[in-house]
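Q: What follows is a structure written as structure tokens; I'll ask about it next.
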Amino acid sequence: MQLPHALPRRQGARIIVTMDHVPHARDAFADKDRHHSAMSERIHVHPVNPQPRQIERAAALLHAGNLGLCPSDAGYALVWRMDARQAEENAVRLRALDTKHPFTVFCTSLTAASRLGRLDDQTFRVLRRLCPGPYTFILPAAAELPRRFKQAKRRAVGVRIPDHPVTKALLEAVGEPLLTTTLSLPGHDDLSSHEAETFADRLPWGVGFLLDCGDCEPGPTSVIDCTEAEPSIVRVGYRPLALD
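Residue numbering for the sequence shown is 663 to 906, as defined by the working numbering.
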């Protein structure tokens, strides 16, 4: 998902991704890197009542700087900690993104979201009504946005409060928001981001672990721009949405 330096560049209801400075993109499942999958961990977890031991293992791998794959209420997503630069570089290369691509942030609550983006009364009411859920909110960046966050100099930040037991448990175990991007890999249209079996046996290059709970909701999320006086819908996702 393209979240721009300030506001989305739109074409109709689409957010445009610029590809001017794509790093050395690579095939996510290149033969020469198949040995990496054997080094990755596939952690099976219950989709409704995730086992604490598995969640703690995934949290430990994130704290060690790994890039992970986690289910959400809008498909599986790549996740990593804000200061895990190598994991972020791996995500950028996997998705062939611009090196300045601004990622969305997973967080657990409105309180956590307010530390990342500014919430006026109207925006707060919208988030309170829709969250948690498969919605991405583009918010004006808060002054106290962590300095280590690469988007700290941006005027907008994309925030998600997911409604999936595994995602919520992982965020609680890690104890901080996580950067995230969708599992959409160039050249692999056969890969389904919500059907774990399409990629579980061949984890993409650079991914340290998969939290596997089986299939999840397909996505995409709805995108709501809250940087202007009135919130507006940029994209309608798989779940019906109205701001009124």
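Think of the CB as a built atom: it goes at the ideal place given N, C-alpha and C, for glycine as much as any other residue.
Round the Cβ separation of residue 903 and residue 702 to the nearest angstrom and send it over; I've been treating them as touching at under 8 Å.
A: What you label residue 903 is simply residue 241 of the sequence shown in a count that begins at 1. What you label residue 702 is simply residue 40 of the sequence shown in a count that begins at 1. Going by Cβ atoms, the distance from residue 903 to residue 702 rounds to 35 Å, so no, they are not a contact pair.
Q: DSSP state of residue 816, grouped into three classes?
A: In the sequence shown, the residue the question calls residue 816 occupies position 154. Coil at residue 816, not helix or strand.
Q: Buried or exposed, going by whether 16 or more other CB atoms sit within 10 Å of the CB of residue 891?
A: Counting from 1 along the sequence shown, the entry for residue 891 is found at position 229. Residue 891 is exposed by the Cβ-count criterion.
Q: Taking the beta strand (DSSP E) that residue 896 belongs to, which residues open and close that run?
A: As a working mapping, residue 896 is identified with position 234 in the sequence shown. Note, residue 896: beta strand (DSSP E), 894 to 897.
Q: Are residue 800 and residue 906 close, meaning C-beta to C-beta below 7 Å?
A: Here residue 800 refers to the residue found at position 138 of the sequence shown. Here residue 906 refers to the residue found at position 244 of the sequence shown. Going by C-beta atoms, residue 800 is not nearer than 7 Å to residue 906.
Q: In this structure, does DSSP put residue 802 in helix, strand or coil?
A: Taking the sequence shown and counting its residues from 1, one reaches residue 802 at position 140. Looking at residue 802 - three-state DSSP - the assignment turns out to be strand.
Q: Are the segment 758 to 766 and the segment 852 to 866 in contact at 8 Å, needing three or more beta carbon pairs?
A: They do not touch, by the three-pair rule.
Q: Just list the residues that DSSP pairs residue 900 with in beta bridges.
A: Locating residue 900 in the sequence shown gives position 238, counting from the first residue. DSSP output for residue 900 lists no bridge partner at all.
Q: Does chain C have any CB closer than 7 Å to the CB of residue 901?
A: Looking for chain C here will not work: only one protein chain is present.
Q: Distance check for residue 861 and residue 737, CA to CA, integer angstroms please.
A: Translated into positions along the sequence shown, residue 737 becomes position 75. Translated into positions along the sequence shown, residue 861 becomes position 199. Their Cα atoms are separated by approximately 13 Å.
Q: Below 8 Å on the Cβ atoms is my guess for residue 842 versus residue 739; work out the distance and round it to an integer in Å.
A: By one-based count along the sequence shown, residue 842 stands at place 180. By one-based count along the sequence shown, residue 739 stands at place 77. Yes, they are in contact, since the Cβ atoms of residue 842 and residue 739 sit about 5 Å apart, within 8 Å.
Q: Measure the C-alpha to C-alpha separation of residue 760 and residue 718 and round it to an integer number of angstroms.
A: Taking the first residue of the sequence shown as position 1, residue 760 is located at position 98. Taking the first residue of the sequence shown as position 1, residue 718 is located at position 56. Using only the alpha carbons, I get a separation of about 32 Å.
Q: Residue 823 to residue 881, Cα distance in whole Å?
A: Counting from 1 along the sequence shown, the entry for residue 823 is found at position 161. Counting from 1 along the sequence shown, the entry for residue 881 is found at position 219. The alpha-carbon atoms of residue 823 and residue 881 are separated by roughly 14 Å.
Q: Can the beta-carbon of residue 804 be found less than 7 Å from the beta-carbon of residue 779?
A: If you number the sequence shown from 1, residue 804 lands on position 142. If you number the sequence shown from 1, residue 779 lands on position 117. Against a cut-off of 7 Å, the Cβ pair of residue 779 and residue 804 comes out as a contact.
Q: With 16 as the cutoff for other CB atoms within 10 Å, does residue 785 come out buried or exposed?
A: Your numbering for residue 785 matches position 123 in the sequence shown. Classification for residue 785: buried.
Q: For residue 770, collect the residues of the same chain with a Cβ closer than 6 Å to its Cβ; drop the 5 residues on either side in sequence, then sort them by chain order.
A: Stepping through the sequence shown from its first residue, residue 770 is reached at position 108. Within the same chain, residue 770 has close Cβ partners 833.
Q: May I ask you to report which of helix, strand or coil DSSP gives residue 776?
A: Position 114 of the sequence shown, counted from the start, is the residue given in the question as residue 776. The answer is helix: DSSP assigns residue 776 an H, G or I state.
Q: Could you tell me the distance, in whole angstroms, from the CA atom of residue 724 to the CA atom of residue 869?
A: As a first step, residue 724 is located in the sequence shown; it is residue number 62 there, counting from the start. As a first step, residue 869 is located in the sequence shown; it is residue number 207 there, counting from the start. Using only the alpha carbons, I get a separation of about 11 Å.
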